[in-house]
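First comes the structure, then the notes that go with it.
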Amino acid sequence: MMIGIVIKVLSSVVTYHYPIFASYKCLKLKKIDDMEGWLVYWVVISVVASAESLFGFFFTWLPFYQLAKLGFISWLIMPHSQGAFYVYSTYIEPTLASHEKEIDGLMRSAQENIKTNAMYMFNRATEFVKEAVRKYATGVASSEDRYQGSSEAATSPSVAAEGDSSKVCDSFIPKCGICYWPHFYFRISYM
9 MMIGIVIKVL SSVVTYHYPI FASYKCLKLK KIDDMEGWLV YWVVISVVAS
59 AESLFGFFFT WLPFYQLAKL GFISWLIMPH SQGAFYVYST YIEPTLASHE
109 KEIDGLMRSA QENIKTNAMY MFNRATEFVK EAVRKYATGV ASSEDRYQGS
159 SEAATSPSVA AEGDSSKVCD SFIPKCGICY WPHFYFRISY M
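Position in the sequence shown counted from 1, then plus 8, gives you the numbering used here.
Given below as C-alpha cells:
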C-alpha cells in the first residue's frame with residue numbers, strides 16, 4: 009500500500025511537475041529548440057491521459073500498472089531516449105495527418121454549435137432575468153399598494169369588529185411569487 013502511494017507521487021512528479029517547470033524555463037529563456045521537445049511531450053502525454061481516462065479502469069487491474077506507467081513516462085521524458093519523439097513520429101503524427109480533414113471539420117462544426125448554443129442560452133438567460141425583474145417589480149409595486157390600503161383597514165375598528173381576523177391578515181400577505189419572507193412576518197404580527 010505504501011509503495012503504491014510512493015509510486016503514484018513519483019509518477020505525478022515525473023509526469024507533470026518536472027515537465028511543467030522545464031517548459032516554464034524554456035519559455036522564460038526562449039529556448040526554441042527545447043520548446044519543440046516539450047511540446048511533443050505534452051502532445052504525447054495528452055494522448056496517454058486521454059487513453060487512460062477512457063480505458064483506465066481496465067489498466068488499473070493489471071499488476072504493477074503504476075510501476076509500468078512510471079517507467080513509460082520516464083522513457084518519454086529522458087533526453088537521451090527521445091521516447092516522446094518516437095511515439096509522436098511513429099503513432100500520433102501519422103494518425104492525425106491521415107484524419108486531419110475530418111478532425112478540422114468536426115472542430116469547425118463543434119465551434120459553430122457551441123457558439124450558436126451559447127448565444128441561445130445567453131439570450132434565454134437574459135430573457136429569464138428580465139422577466140423575473142419585471143415580475144418582482146410589479147409584485148413589489150402591487151404589494152406596496154396592498155400594504156397602504158390594508159393598513160388603513162386594519163386600524164379601522166369597523167373592520168376588526170366586523171368579523172374574521174384571518175381575512176384582514178390574508179389581505180396583508182404579498183403575493184409577488186419571488187420573495188416570501190413577508191408572509192411569515194405579517195401572519196405572526198397581526199394574528
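Note that beta-carbon positions come from the ideal geometry of N, C-alpha and C, so glycine has one too.
- DSSP, reduced to helix, strand and coil, places Leu-78 within a helical segment of the structure shown.
- Val-51 sits away from Val-95, with the two beta carbons spaced by 7 Å or more.
- For the set Thr-23, Lys-36, Asp-42, Gly-45, the Cα lying nearest the Cα of Val-56 is the one of Thr-23.
- Spanning the alpha carbons of Pro-87 and Ile-111 requires a straight line of approximately 31 Å.
- For Ile-15, the enclosing alpha helix (DSSP H) has its first and last residue at 10–20.
- The shortest CA-to-CA distance from Ile-28 to any of Ile-15, Trp-46, Glu-120 is the one to Trp-46.
- Look at the beta carbons and you see the region 113–128 not touching the region 71–89: under three pairs across the two are nearer than 8 Å.
- Phe-67 places its beta carbon less than 7 Å from that of Tyr-73.
- Contact annotation, Ile-11 with Leu-78: C-beta distance approximately 12 Å; criterion of less than 8 Å not satisfied.
- In this structure, the straight-line span from the alpha carbon of Ile-13 to that of Phe-93 is close to 29 Å.
- Annotation: the continuous alpha helix (DSSP H) that includes Thr-103 extends over 101–106.
- The beta carbon of Ala-30 lies closer than 7 Å to those of Trp-46 in the same chain, with the five residues before and after it left out.
- In the three-state reduction of the DSSP assignment, His-25 falls in the helix class.
- Look at Leu-70 here: in three-state DSSP terms it is coil, with no helix or strand label.
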